[in-house]
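Numbering (this note's numbering), first residue to last: 45 to 135. Encoded as structure tokens, the structure appears first; notes follow it.
Given below as structure tokens:
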């Protein structure tokens, strides 16, 4: 898939994320990277633990704190990453 990104800065960021092993999941709309070696690997998918960035803004935990966002999380150990759902094109 070829994606047209809005700015040169976005294209540079995408290129750097790919260089560091991050992949864009086109259905989840999230950047993922392996947190550990996959438990299962086939030609169509791999299964294991992945780190992903959650861009959702969350309310502050206590009064006076600013809301948080862009926190990293780990998937369940049984997360299946299907290769056909990845967008690996860098434009």
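Note that beta-carbon positions come from the ideal geometry of N, C-alpha and C, so glycine has one too.
Counting of Cβ neighbours within 10 angstroms places residue 72 among the exposed residues, the total staying below 16.
Using a Cβ distance threshold of 8 angstroms, residue 92 and residue 81 count as a contacting pair. Taking all protein chains shown into account, residue 118 has fewer than 16 neighbouring C-beta atoms within 10 Å of its C-beta and is therefore exposed.
Apart from the 5 residues on each side of it in sequence, residue 76 sits with its Cβ closer than 6 angstroms to the Cβ of 67, 69, 94, 96 in its chain, given in chain order. Taking a C-beta distance under 8 angstroms as the contact criterion, residue 83 and residue 121 qualify as a contact pair.
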